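> Chains as they are written, first to last, in my numbering: chain A, 1 to 373; chain B, 374 to 552.
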Amino acid sequence: MVNIFFKFTCCSSPRCLETLNEERTRIANKETKRAKPEIAVNKKSQEKISISATQQSIPLDIVMEILSWLPVTYVLRMKCVCKQWYTLTQDCHFIEKHMSRHRIKCSYNKIPITPPGNSQDNFQLICGCNGMLLKKRIASNKFLIMNNATRQMLELPDPHKNSFEMVSLDLESESFKSTIMPKGLFSNWEKVWALDWNGCLSFAVRVEEVINVVVLEDYKKLKWGKEKIVIPLAFTNSTPNLMEDLVPLFAQNGLVGYIYTASSDDVPFFNAMIMKVALESSSAKCQPELRFNQEVQTTDLKNEVNFSTYIANVLEELSSETTDLKNEVNFSTYIANVLEELSSEVLEGFLLIFRLSSNDSVKVIPEISCPQT
Amino acid sequence: MASSSTSVVVSNKEKENKNTKKVTLKSSDGESFEVDESVAMESQTIKHIIEDGCANNEIPLPNVTSGILSRVIEYCKKHKEAAGESEPSVTSYTSNSTTNPLTEWDTEFVKVDQNTLFDLILAANYLDIKGLLDLTCKTVADMMKGKTPQEIRETFHIKNDYTPEEEAEVRKENQWAFE
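Below, the structure written as structure tokens:
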């Protein structure tokens, strides 16, 4: 039986750090036993390394640095070298480092939906995020998460009937945890969006003139915030009908970003907005202040050049206007993720995915990590 | 540069003095190298030693031989010059190679034998010089692309701890990556 080792994008929890440090110490100790007599303590990594002229062994830290420059296909080949390297390629720190070197450029990525060699089940693509695709087997109604770069798949557990369930994937153990949602949290789940509220999971729904947000404050204990946070959308009074399809994107450092779609004269467009909210200490009410407002036609998105220019302009505007928007990366990633849902196309067996480079000053990306046709 | 403010004049003078300040680095085989402090500070390790006041003008580097140290110093000098008089540069290897004037120089710099290359990596790691570490690691990575697992093992002096069956299984798991 083949064990499928599988890791998601990254996991920076303390537990993960511990495990790696333990492993590093164990490996370093093993290495120094066969190293030559001259040994010095490396101030930086607390590892003992051999300093003889012809190296007996390269420390794991260094191997990690070197491998992080390799494109995914080569990293996968390195698994065959030895067991330590196999484990290394699965390590979350390595994956994080690797991802930081291989941002995918803003472009169309044509990615085959059914990779060759896999089973011939028919899949329906639901959405994608950070290189992961969520797919559904049409025949059996089962959901799968697939890492398109490494072609590994993980099947989601079946939902329980007659309940609203939240399934969470623990990145450390790669196991699933199912939680039944508290009753009465929201009246209509179809309009609820998941929102990153300062790093916590939250659910947001637009109810007329406000956005209600409920935050999962403690994910381990599954403790939800006592009160709903209410964000008034007062300034949109003039265009109430345009707020139909509002999608909250992120909430970070006092800024809430969202987009909404609409059409005018039969031309679909979406609006991206960022509001600054100041949470008053006494109540959960926010005073919003509009910081950014931009409209774009979805037809523009078909043209790659315009799209990347547009996003570049957006980011530039954002960084000059809002000094507290520390995380343009998150904003652009979220825009990309949402746009996938809005404007991804399944075309003749290919999925067109829009991706952004995290930093527009990065011009050349070593390799695009997803397999290209 | 004329300035009416006293504090500006003083700080300019300080800056001047700092620029000509030298430190001595001593390699593991006892050779001493005198370099500008600002060049030496391309190494974060050395920078911390100096800032902690532990320098005493001679810094021993038991981890680095003279051959390697002289190359490292060459790298630091070159990159410091290129960066001008600003703070120690952080060379990014994700930047477009056609706009980076040092790329050609860097490429020549790493045309060395494998042992030297690895020694440079270890030195860059120990001395904490990001640009050099990135450059050397990237060079090794590029070199690895053309090698088989067995060749990689030889390069890194790694023992194969897979049984033939295990290795075949791992290869099969990722077969498509070998095509």
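In this text, a Cβ means the ideal position worked out from N, Cα and C, and glycines have one as well. Source: prediction; values computed, not measured.
State the Cα-Cα distance for the pair B:E552 and A:R77, rounded to the nearest angstrom.
10 Å
> Could you compute how far the alpha carbon of B:K453 sits from the alpha carbon of A:E208?
59 Å
> Consult DSSP for B:K511 and reduce its assignment to one of helix, strand or coil.
helix
> Please tell me whether A:D61 has its Cβ less than 8 Å away from any Cβ of chain B.
yes
> What distance in whole Å lies between the Cβ atoms of B:E447 and B:T397, which are believed to be in contact at a cut-off of 8 Å?
That belief does not hold up - the Cβ atoms of B:T397 and B:E447 are roughly 17 Å apart, past 8 Å.
> Between A:S68, A:V81 and A:P59, which has its C-alpha nearest B:E542's C-alpha?
A:V81
> Note down the Cα distance separating B:V491 from A:I180, rounded to an integer number of angstroms.
In the sequence as displayed, the identity of residue 491 of chain B is Phe instead of Val. Whole-angstrom Cα-Cα distance: 54 Å.
> Under 8 Å Cβ to Cβ from B:C510, same chain only, skipping five residues before and after it: list those, please.
I494
> Leaving out five residues on either side along the sequence, give the residues of the same chain with a beta carbon under 6 Å from the beta carbon of A:V192.
F186, F203 and V205
> Determine, using beta carbons only, whether B:F482 and B:S443 come nearer to each other than 8 Å.
Taking 8 Å as the Cβ cut-off, B:F482 and B:S443 do not qualify as a contacting pair.
> When you compare the CB of B:L442 with every CB in chain A, is at least one pair closer than 8 Å?
no
> So, using beta-carbon positions, are A:K142 and A:E155 closer together than 8 Å?
yes
> Could you tell me the distance, in whole angstroms, from the CA atom of A:M166 to the CA atom of A:S178?
6 Å
> What's the gap between the Cα of A:L169 and the Cα of B:L505?
39 Å
> Distance, Cα to Cα, A:L144 vs A:I229?
33 Å
> Within 8 Å of any Cβ in chain A, is that where the Cβ of B:I432 sits?
B:I432 does not count as touching chain A.
> Output the boundary residues of the beta strand (DSSP E) element that contains A:I180.
S175 to I180
> Using a Cβ cut-off of 9 Å, pull out every chain B residue sitting near A:L76, in sequence order please.
Chain B residues near A:L76: E546, N547, W549, A550 and F551.
> Taking only runs that begin and end inside the stretch 489 to 550 of chain B, name each unbroken alpha helix (DSSP H) of 4 or more residues, in chain order.
503 to 517, 522 to 529 and 537 to 546
> Verify the CB distance criterion: does A:E155 have a CB-CB separation below 8 Å to chain B?
no
> How many Å lie between A:L70 and B:K520 at the Cα?
C-alpha separation (whole angstroms): 13 Å.
> Nearest by alpha-carbon distance to B:S401: which of B:T476, B:G440 and B:D515 is it?
Ranking B:T476, B:G440 and B:D515 by Cα distance to B:S401 puts B:G440 first.
> Going along the chain, which residues of its own chain have a beta-carbon closer than 6 Å to the beta-carbon of B:W549, five neighbours each way excluded?
Contacts found: none.
> Determine the direct distance from the alpha carbon of B:E527 to that of B:N436, and round the result to whole angstroms.
24 Å
> Would you say B:T416 and B:D479 are within 8 Å of each other, going by their C-beta atoms?
According to the sequence shown, residue 416 of chain B is Ser rather than Thr. It is not a contact, given that the beta carbons lie outside the stated cut-off.
> Should A:Q98 and A:V63 be called a contact, given that it needs their Cβ atoms to be closer than 8 Å?
Sequence check: residue 98 of chain A is His here, not Gln. In terms of Cβ geometry, A:H98 and A:V63 do not form a close pair [threshold 8 Å].
> Could you check which residue in B:K545, B:M517 and B:D534 has the C-alpha nearest to that of A:L67?
B:M517
> Considering only residues of the same chain and omitting the five flanking positions on each side of A:K223, which have a CB-CB separation below 7 Å?
The residues E217, in chain order, have a CB closer than 7 Å to that of A:K223 in the same chain once the five nearest residues on each side in sequence are set aside.
> Does DSSP classify A:W224 as helix, strand or coil?
strand
> With 8 Å as the limit, tell me which residues of the stretch 518 to 530 of chain B have their beta carbon closer than that to any beta carbon of chain A; keep them in chain order.
K518, P522, I525, R526, F529 and H530
> Between A:Q90 and B:T512, what straight-line distance do the alpha-carbon atoms span, to the nearest angstrom?
23 Å
> What are the start and end residues of the alpha helix (DSSP H) that includes A:I66?
For A:I66, the enclosing alpha helix (DSSP H) stretches over residues L60 to L67.
> Among the residues of its own chain, which have a CB less than 6 Å from the CB of A:T87, if the five just before and after it don't count?
none
> Find the residues of chain B that neighbour A:L70, judging by a C-beta separation of less than 8 Å, and give them in chain order.
A514, M517 and K518
> Mind listing the chain B neighbours of A:I58? Cutoff is C-beta to C-beta under 7 Å, in chain order.
Per Cβ cutoff of 7 Å: F491 and F529.
> List, in chain order, every chain B residue whose beta-carbon is nearer than 7 Å to that of A:I66.
C510, V513 and A514
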